[in-house]
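First the structure, in the form of structure tokens, and then the observations on it.
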Amino acid sequence: MANQPLEGIRILDLGGVWAGTFSTVLLADLGAEVLKQENQFVWQPSTRAVPGPRIPKAMAEAGAGWVTGLPNSDPGESPWNYHPMFVSLYRNKRSFTLDIRQPEGKEILGRLAAMSDAVLENSAVGTMEKLGISYEWLREQRDDIIFLRAPGYGITGEYATARTMGAHLEGTMGHQILRGYLGSDPNSNSGIFAADYIAAAQIALAIMMAIWHRNNTGKGQFIEMAQAENAAAMFAQAYMNYSLTGEVENAIGNRSIYASDGQAPSGVYPCLSPGGADTGDDRWIAITVTSNPTWEALRTVMGDPEWAQAPELATAAGRAAAQDLLDEKLADWTAGFEDEDLFARLQAAGVAAAPVLEASRVLDDPHVQARNLYIPQELQDDIGVHRYPRPVYDFPESEGGIRRPPVAFGQDNDYVYRELLGMSDEECARLEAEGHIATSFSETL
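So this is what it looks like as structure tokens:
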């Protein structure tokens with residue numbers, strides 16, 4: 001497909017989990033050819049699936065969607081080819097298998113690096129060192145190559161060798177303590193993985209900037225990007241607050257950190273519901289007042305009740321001091337409305353508001369459908385057609401979209417070994433016998 005922003009760029013992908021895997025789908029969506037190296041003897045955690053390559057049917061039927069939510073709740077023979085975690089992050093890529101732990105595997109990797117623009121990895125520090133893969137070694141293959149490493153805490157420092165995933169970064173960088181309800185114990189918070197996606201976007205950006213630099217100077221470079229330092233950018237206000245005032249911020253629930261500047265009330269409030277939290281079909285709406293005029297607009301939508309006419313609530317400082325009262329009164333009012341109806345009424349009045357939607361309602365949302373955010377994709381192994389997110393970019397002057405459906409494990413072995421590397425049938429047969437070339441994970445896993 002022609003006229004894509006990164007057409008002609010080849011990325012050798014040694015990444016895993018979400019940070020590495022999402023970064024390369026961003027590059028692939030922009031037209032780069034992404035060669036994802038995989039190994040039948042190595043299961044990368046939380047990359048093609050969470051529990052392991054072979055998922056018991058009972059687990060598939062009972063598990064949470066992003067953990068074991070397989071199409072039709074059936075793991076089939078190759079769940080790694082259609083697990084939801086994998087499918088959403090492997091479009092527009094090529095997959096080949098190679099055991100880079102073996103000397104010949106590393107030699108073949110070097111040949112591929114010589115014809116690639118950039119190599120990236122986000123394993124724990126020590127992994128690449130054990131494999132003998134370094135920027136110096138890669139430069140021996142191609143002098144102007146770009147090599148990006150994105151370990152959790154960087155390649156130097158006290159935590160350099162620590163193993164971590166997104167949920168752990170949330171803790172060490174302070175996010176875990178900032179989330180949750182007022183006065184809640186951090187143990188009550190569920191793990192989230194925002195750090196992975198922020199890191200992924202920065203990985204993709206850094207590689208594109210390094211390519212731009214090479215196009216202008218002829219020089220490649222080594223890039224180090226600590227995922228924790230990227231995550232820290234999400235909480236800058238907490239660090240700055242402590243630096244300037246000595247105040248340690250804590251969880252504030254759904255309230256705004258800018259309450260004293262006019263953003264109060266701000267919260268999530270109950271609406272008419274077909275059920276309750278125990279059945280998963282309770283309904284809520286998020287509302288945030290951002291200024292005195294929007295407070296006046298909210299009063300109008302509510303019918304200007306007597307309690308809202310209190311003089312102290314006319315100021316930002318007064319509303320910030322009365323957040324408990326505001327939350328109580330707003331909850332009493334919103335509980336009598338459908339969330340979608342209230343959403344429309346508040347937005348029409350200029351008040352920031354939105355319903356809190358579960359996955360099924362997101363997929364059925366008219367705005368989401370009008371934007372074609374989730375589009376049908378044909379999955380491997382005759383699993384059928386299911387809806388998955390489309391690329392986030394829309395370039396009117398470039399061709400985009402999903403050029404290739406989610407790639408099966410080892411699907412592009414022929415392309416890599418025969419077309420790119422020019423290997424013969426005999427060589428490919430030998431490499432298959434030695435375990436390099438495969439289309440399924442080893443039974444030993």
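Residues in the sequence shown are numbered consecutively from 1, following my numbering.
Glycine included, every Cβ here is placed at the ideal spot set by N, Cα and C.
| query | result |
| --- | --- |
| Is DSSP giving H83 helix, strand or coil here? | coil |
| Would you decide whether I211 is buried or exposed? Buried here means 16 or more other CB atoms lie within 10 Å of its CB. | buried |
| So for T288, helix, strand or coil by DSSP? | strand |
| Let me check one thing: in DSSP terms, what residues is Q37 bridge-paired to? | F96 |
| If contacts are defined as beta-carbon pairs under 8 Å, then S424 and P5 qualify, I think. What distance do you get, rounded to the angstrom? | That belief does not hold up - the Cβ atoms of S424 and P5 are roughly 36 Å apart, past 8 Å. |
| Please return the same chain residues whose Cβ sits closer than 8 Å to the Cβ of A335, not counting the five positions on each side in sequence. | Y269, P270, C271, L272 |
| Can you say whether A317 is buried or exposed, counting buried as having 16 or more other CB atoms within 10 angstroms of its CB? | exposed |
| On the CB-based measure, 16 or more other CB atoms within 10 Å of its CB, does A277 come out buried or exposed? | exposed |
| Is the distance from the Cβ of S260 to the Cβ of T288 below 7 Å? | no |
| What is the C-beta distance between M173 and F235, in whole angstroms, given that I count them as a contact (C-beta under 8 Å)? | 7 Å |
| So, is T47 buried or exposed, given that buried needs 16 or more other C-beta atoms within 10 angstroms? | buried |
| Below 8 Å, can you find three or more Cβ-Cβ pairs linking the region 233 to 252 to the region 48 to 60? | no |
| Excluding the 5 residues flanking A297 on each side, which residues of the same chain have their C-beta closer than 7 Å to its C-beta? | A349, G350, V351 |
| In three-state DSSP terms, what is P305? | coil |
| Any idea what DSSP makes of G171, helix, strand or coil? | helix |
| Can we say the region 66 to 82 touches the region 390 to 405, given the rule of at least three CB pairs closer than 8 Å? | no |
| Here's the rule I'm using: 16 or more other beta-carbon atoms within 10 Å means buried, otherwise exposed. How should N215 be labelled? | exposed |
| Only counting the same chain, and skipping five residues up and downstream in sequence, which positions put a Cβ closer than 6 Å to that of M1? | The predicted model places M1 with a pLDDT of 46, which falls under 50 and marks its position as unreliable; any figure quoted below should be read in that light. If we look at M1 and ignore the five residues flanking it on each side, its Cβ neighbours are E399, R403. |
| Could you tell me which residues DSSP pairs with Q221 in its beta bridges? | I146 |
| The beta strand (DSSP E) spanning R371 covers which residue range? | Run containing R371: none; DSSP gives neither H nor E here. |
| Pick out whichever of A226, E107, G154 has its Cα sitting closest to the Cα of L131. | E107 |
| Taking buried to mean at least 16 other C-beta atoms within 10 Å of its own C-beta, is G8 buried or exposed? | exposed |
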